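Each step along the first sequence adds one to the number in the UniProt record's numbering, with nothing skipped, and position 161 is 161.
Ideal placement from N, C-alpha and C gives every residue a C-beta, glycine not left out.
Predicted model, so just to flag it, every value in this text is computed and none were measured.
Report on the following structure.
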Amino acid sequence: MVRAPCCEKMGLKKGSWTAEEDQILVSYIQLYGHGNWRALPKHAGLQRCGKSCRLRWTNYLRPDIKRGNFSKEEEDVIMKLHRALGNRWSAIAARLPGRTDNEIKNFWNSHLQKKLKQNTTIPAAIKQYSVGTPCTQNTDIQNYGYGGIFSEQSQKLSATDCSFLSRNISATSKYQLLVDHLQLPSRFSSDHSTMESTKINDEMGFWYNLFMEAGESSQPPLNLGE
DNA sequence: AAGAACTTCAACCGCTGGCAA
DNA sequence: ATTGCCAGCGGTTGAAGTTCT
């Protein structure tokens, strides 16, 4: 299958839209509708690709878009829907009139996810990502000390929690725990191999190695998506 | 006051599914 | 059944703004 040429190769403009461009797009759509997005910029006289026009219209210029902060009610709806649907932003947006999928996605990533993390204690997170039952003996994790990241977050692990972590959770789960609760940069979050091969800062590396070395579980990794 | 670090969010990229030929 | 086009989607990026040191 042949992919359509991208905007750059066709010498079209990229980046932020100017007020003039917005005006041209709005006027054109008000007069003729959007019809075929690919053909639109040519007819409207815009040096943009159709995709860029569609995005600008659907995420910003559409007259039915509700702008401004999300209300508490909207926030609750997003929380509930995200629990039920996951990252299906368009499905969530369909239930929130006037809000776009992009806006909801951004709101989730910058506000709600953070809020959710603050409300989740480390021990709760351990249980969430772990398999098996806790054991009571101390292990390497505790011997290493964990005054760094955990105490900075005012969330201390008990000896039981450390032991439990070390002995019972899979490599994948350990990694997910690092990502979710020790706030690693998001660019590390989706690619385990990147994490292993990239030069990462000392503190991240310390915790990552610690988790990888400590009490590897023989049990299969959890399916974290469920 | 100034530079660093962090946050926000508009816009982009690349993939996917639907549909017509 | 296959191919090619298109719109839509979710993940990611980076500029601009804000806060911190």
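- Secondary structure of Gln47 (DSSP, three-state): coil.
- In the DSSP assignment, Asp76 falls within the alpha helix (DSSP H) that extends over Lys72 to Leu85.
- The three-state secondary structure of Ser16, taken from DSSP, is coil.
- The continuous alpha helix (DSSP H) containing Ile92 extends over residues Trp89 to Ala94.
- Annotation for Asp101: the continuous alpha helix (DSSP H) segment containing it runs Asp101 to Phe107.
- In terms of Cβ geometry, Ile29 and Trp57 form a close pair [threshold 8 Å].
- Beyond the five residues adjoining it in sequence on each side, Val26 comes within less than 6 Å, by CB distance, of Leu61 in the same chain, given in chain order.
- Around the CB of Leu40, 16 or more other CB atoms lie within 10 Å, so the residue is classed as buried.
- Cβ-Cβ distances below 7 Å link Val77 to Arg95 and Leu96 in the same chain, with the five nearest sequence neighbours on each side left out; the list follows chain order.
- By the criterion of a C-beta distance shorter than 7 Å, Leu81 is surrounded in its chain by Ile92 and Arg95, once the five residues flanking it on both sides are discounted.
- Here Arg54 is not near Leu12, since their CB atoms are 8 Å or more apart.
- Taking a C-beta distance under 8 Å as the contact criterion, Asn69 and Asn102 do not qualify as a contact pair.
- A Cβ-Cβ distance of about 41 Å is found for the pair Met79 and Leu31, leaving them out of contact under the 8 Å criterion.
- Trp57 sits in a helix when the DSSP states are folded into three classes.
- Apart from the 5 residues on each side of it in sequence, Leu85 sits with its Cβ closer than 7 Å to the Cβ of Ala91 and Ile92 in its chain, given in chain order.
- Inter-residue distance for Pro63 and Gly98 is about 9 Å (C-alpha atoms, whole angstroms).
- With a 10 Å radius around the Cβ and a threshold of 16 neighbouring Cβ atoms, Ala19 comes out exposed.
- Residue state for Asp22 is assigned as helix, using DSSP reduced to three classes.
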